[in-house]
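Just so we're aligned, residue -4 is where the sequence shown starts under our numbering, counting upward by one. Here is the structure we will look at.
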Amino acid sequence: MPKRSLDRDAQDPNAVESEVGSVCKKVKEMLTRIALRRKAEKGTLQEIPEGPSDRDKSPSDATNNDLTDENQNSVEEGCDEETSCDTDWLETLDIPPLVAEVKEVDPISSSVSQWKQWFKYGTPAKRRRALKYKYEYLEGLGVPKMNSAVIRVLPRQMMSKDRSIATYHAALGKALTALKLAMVTAVNRQTDTAGSDLLQERFDDVACYMIDIMRRNVSARRKLVLCYGGIRQEAKRLLARSEVDSFLFGTRLPEHLRRNGIDVKNIGYQNFGEANYAMPEFNCYFTPQPVRML
């Protein structure tokens, strides 16, 4: 049989359907013969001939030949009426289906297996680049900006360290956005009230873990600044009492500094001047080293 190209099959679906039906007919005929042979071996039938030609037939084989012809006709009629690959008809032949049932793949197990591969070898670069622009931060859950007054007194090494820490916050912030969208989709498709409540509760648990990591991340960034010896003690006390909002030490930090007689542009012993401090973003180019499995 000549090989058919994939393009030809895609352009002529009727030919493919006809070929599949022909194969199903042959399979049904073969399985029917096997079933009849097994019944013959058990004594249900006397003999199942191989299908000799007319000149080889003898009068003594008339009974068996008639029986075979009837079986053959029933096979042909069944194949003409139904050409699908359904295996329900095999139950009438008292034989199990020869084609093993395909086990359905558990989507949860498949996802967990994929996560393990990402943990060990890293997320594919193409996927990381797509995630950088796929989601926006939810209001109030973005990465707090470093205050300009603090930027002036921090050396370059500490600024680099802060950006590295904040990158994790950026990833978690966008993960929360994805989680929120998944929650909306799941709740809208859930018709059972009890199931919907349970689903939302589990999503909230995941969000709780993420937010806890984000809070620890913010605390680590603040401690990085407060432990730096180049900031004046009176300024450190104000920084420690400040609250986090869209800025790491609060939007109103300059106002608090002026109120306490501290120069906003000089809260430390050294002034490194204005720094070009860009907001940290999800690092799509970071390639983690493979995890050493014990």
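A virtual CB, placed ideally from N, CA and C, is assigned to each residue, including glycine.
The beta-bridge partner set that DSSP reports for Lys140 consists of Phe242.
Sequence-distant partners of Met209 (beyond 5 residues in either direction) whose C-beta falls short of 6 Å from its own C-beta, in its chain, are His164, Leu167. Distance from the CA atom of Pro249 to the CA atom of Lys140, rounded to whole angstroms, is 14 Å. Residue state for Ile160 is assigned as helix, using DSSP reduced to three classes. Assignment of Ile29 by DSSP, reduced to helix, strand and coil, places it in the helix class. Bounds of the alpha helix (DSSP H) holding Ser108 are 102 to 116. Taking 7 Å as the cut-off, the beta carbon of Ile226 is found no closer than this to the beta carbon of Gly256. Residue nearest to Lys127 within the set Arg232, Met153, Glu229, Ala173 is Ala173 (criterion: CA-CA distance).
For Pro249, the uninterrupted alpha helix (DSSP H) segment begins and ends at 248 to 254. Rounded to the nearest angstrom, the gap between the Cα atoms of Gln195 and Tyr204 is 15 Å. Taken through DSSP and simplified to helix, strand or coil, Gly225 comes out as coil. Between Arg247 and Arg232, the alpha-carbon positions lie close to 15 Å from each other. Residues of the same chain with a CB within less than 7 Å of the CB of Ala170, apart from the 5 flanking positions on each side, are Met205 in chain order.
Lys156 and Leu221 do not touch by the CB rule: their CB atoms are close to 14 Å apart, not below 8 Å. Straight through space, the alpha carbons of Val239 and Pro119 are spaced by roughly 34 Å. In chain order, Leu194 place their CB closer than 7 Å to the CB of Ala181, counting only its own chain and leaving out the 5 sequence neighbours on each side.
With at least 16 other beta carbons inside 10 angstroms of its own, Lys23 counts as buried.
Glu14 and Met25 have their alpha carbons spaced roughly 17 Å apart. In the DSSP assignment, Lys127 falls within the unbroken alpha helix (DSSP H) covering 120 to 129. Linking Ala161 to Asn142 through their CA atoms gives a straight-line distance of about 14 Å. Residue pairing by DSSP puts Gly263 in a beta bridge opposite Ile226.
In the structure shown, Ser214 adopts helical secondary structure according to DSSP, grouped into three states. In this structure, Gln265 and Val148 form a Cβ contact; the two beta carbons are roughly 6 Å apart against a cut-off of 8 Å. Straight-line spacing of the CA atoms in Asn183 and Lys175 works out to 12 Å.
Within its own chain, the residues whose Cβ lies closer than 6 Å to the Cβ of Tyr132, once the five positions on either side in sequence are excluded, are Gly168, listed in chain order. With fewer than 16 neighbouring CB atoms inside 10 Å of its own CB, Ser104 falls in the exposed class.
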